[in-house]
Amino acid sequence: MNILSRSCLAACAVFVLAASTAHAEPEPTALVDQQHCMFCHTRDAPFLAPSFQQIAERYRNVPDAQFMLEHKLRLGGKAHWGDMAMPLPADRGGPLSAEDAHTLVQWVLSQ
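Okay, so the sequence shown: first residue is 84 according to the working numbering, each after it adds one.
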């Protein structure tokens with residue numbers, strides 16, 4: 084194998100590795116803003132609530148977690164992390180459709 088072939092092979096391996104680890108969904112900015120998510124959460128550090136990365140680590144591989152988190156987004160819910168419960172939709176920016184809840188949870192779990 085010549086040096087050009089090795090370089091090409093190495094470049095392809097780096098590209099495949101980068102593509103397989105870069106799985107985060109693009110942020111649904113309008114929904115995040117509408118629901119005031121950043122009032123309590125950040126992407127990578129706990130604030131008033133767990134970070135999106137902490138949520139993803141905890142629930143990414145849990146069966147039915149997607150459904151549970153969507154339900155919690157749509158209706159609010161009891162605290163699973165510390166003392167702060169998920170506020171009711173009326174307190175965070177209004178009702179959230181099932182589709183929008185799904186989009187937000189998909190994004191959070193991709194962190």
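The beta-carbon is built from N, C-alpha and C at its ideal position, and this holds for glycine as well. These numbers were taken from a predicted model, which means no experiment stands behind them.
Original post:
Using a Cβ-Cβ cut-off of 6 angstroms (strictly less than) and excluding sequence neighbours within five positions of K155, which residues of its own chain qualify?
Top reply: Result list for K155: M169, in chain order.
Subject >> Cut-off 7 angstroms between Cβ atoms - residues of its own chain near R143, not counting five sequence neighbours on either side >> reply: In the same chain as R143, and ignoring 5 residues on each side of it, the C-beta atoms closer than 7 angstroms to its own belong to L192, in chain order.
**OP:** Rank L158, A132, A139 by C-alpha distance to the C-alpha of E108 and give the top, closest one.
**Re:** Comparing Cα-Cα distances from E108 to each of L158, A132, A139, the minimum goes to A139.
**OP:** In angstroms with no decimal places, state the Cα-to-Cα distance between Q189 and Q117.
**Re:** The alpha-carbon atoms of Q189 and Q117 are separated by roughly 17 angstroms.
**OP:** Could you check if P133 is buried or exposed, using at least 16 other CB atoms within 10 Å of its CB as the buried criterion?
**Re:** Burial check for P133: the Cβ neighbour count within 10 Å reaches 16 or more, so the residue is buried.
Original post:
What do you reckon, are the CB atoms on E153 and A113 nearer than 8 angstroms?
Top reply: In this structure, A113 does not lie closer than 8 angstroms to E153 by Cβ.
Original post:
Alpha carbon to alpha carbon, what distance is there between C123 and L171?
Top reply: Within the model, the alpha-carbon separation for L171 versus C123 is close to 13 angstroms.
Original post:
So the alpha helix (DSSP H) L179 belongs to, where does it begin and stop?
Top reply: Taken as a continuous stretch (DSSP letters only), L179 belongs to no alpha helix (DSSP H), as it is neither H nor E.
Original post:
Per DSSP, which one or two residues make a beta bridge with G160?
Top reply: DSSP links G160 through a beta bridge to M169.
**OP:** Report all residues from its chain with a CB closer than 6 angstroms to the CB of R175; omit the five preceding and five following residues, and keep chain order.
**Re:** A distance below 6 angstroms between beta-carbons, with the five flanking residues on each side excluded, links R175 to the following residues of its chain, in chain order: Q118, H119.
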